[in-house]
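In our numbering, the protein residues as written are 21 to 98.
Ideal placement from N, C-alpha and C gives every residue a C-beta, glycine not left out.
Please read all numbers here as calculations on a predicted model, not as lab measurements.
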């Protein structure tokens, strides 16, 4: 399965992401939340954890997209 880390999603913002993770607590919270949801999706997709429902996996994917949008807005505006 494909990993969707924030730096892979937004390679043009790699330096800014690294900087904000250190200097901005609000951004760090968004980043960590996204990475946790992304890791959980990967575990379910790879079958490394107990199986989940399709509905739950869909909800997690929606949450990941929402967080990705929030992070993009944050990167774009700051």
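- With a threshold of 16 other beta carbon atoms within 10 Å, residue 40 meets it and is buried.
- Secondary structure of residue 30 (DSSP, three-state): coil.
- Rounded to whole angstroms, the Cβ separation of residue 23 and residue 62 is 6 Å, and the two are in contact under 8 Å.
- Here DSSP, grouped into helix, strand and coil, assigns residue 25 to coil.
- With distances taken between CA atoms, residue 81 lies nearest to 53 out of 96, 35 and 53.
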